[in-house]
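Have a look at the structure below before the remarks.
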Amino acid sequence: MSVLLWCLLIAGLLPILAKAPVVYFQNRDRGYDNKHPRAQQQRLTGIGARAVAGHYNAYEAFPLFAAAVLATLATDAVTERSMQLAVAFIVLRVAYHVLYLLNADKLRSLVWFFALLCPVLMLAQLAIKF
């Protein structure tokens with residue numbers, strides 16, 4: 604169970620950690636505009652724009668994963684497979700963000716798909732069991 608909780612914590616922190624490259628590129632863009640950071644983020648191009656998109660996508664990926672982990676814990680259905688899927692989700696999401704920054708679009712999309720499968724399979728495993 605602790606593996607799932609650690610993965611939930613890490614997944615919750617990934618959007619915040621994904622902000623670090625965004626801040627870096629905002630600082631390179633005439634300094635960080637703390638009064639209008641979102642407007643400044645919209646002006647970023649290239650790798651800076653990809654960093655922003657990866658940051659937002661980290662928030663988008665979290666709810667389904669959180670639901671899968673919480674449903675697994677609530678139903679007391681923690682299995683080796685659910686823990687492996689949770690760890691795989693974290694690894695794939697980190698890889699996704701790196702690939703986004705590197706502009707490896709096709710590989711990034713493939714990694715995104717496999718990361719999406721992790722919570723889907725966790726929930727499907729529960730649906731079949733119950």
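With my numbering applied, the sequence shown corresponds to residues 604 to 733, in that order. Where is the CB? At the ideal position from N, CA and C, for every residue including glycine.
Check	Outcome
Could you check whether G651 and H700 sit closer than 9 Å to each other, using their CB atoms as the reference points?	no
Please name the residue, chosen from A691, L710, V697 and G615, that lies closest to A669 on a Cα-to-Cα basis.	G615
When you compare the CB positions of M725 and A674, do they come within less than 9 Å of one another, or not?	yes
If you reduce the DSSP assignment to three classes, tell me which class M604 lands in.	coil
Using only the alpha-carbon positions, how far apart do A642 and Y703 sit?	21 Å
Using the rule of at least 16 other Cβ atoms within 10 Å of the residue's Cβ for burial, across every protein chain shown, is R684 buried or exposed?	exposed
Could you give the C-beta distance for L654 and L617, rounded to a whole number, given that I count them as a contact under 8 Å?	Reading the sequence as shown, one finds Ala at residue 654 and not Leu. The Cβ separation is near 13 Å, so there is no contact.
Using the Cβ count rule (16 or more neighbours within 10 Å means buried), how would you classify R633?	exposed
Label Q644 either buried or exposed according to how many other C-beta atoms from any shown protein chain fall within 10 Å of its C-beta, with 16 as the threshold for buried.	buried
Look at L719 and A680 and say whether their C-beta atoms are less than 9 Å apart.	no
Taking a contact to mean a Cβ-Cβ separation below 9 Å, would you say L607 touches V672 in this structure?	yes
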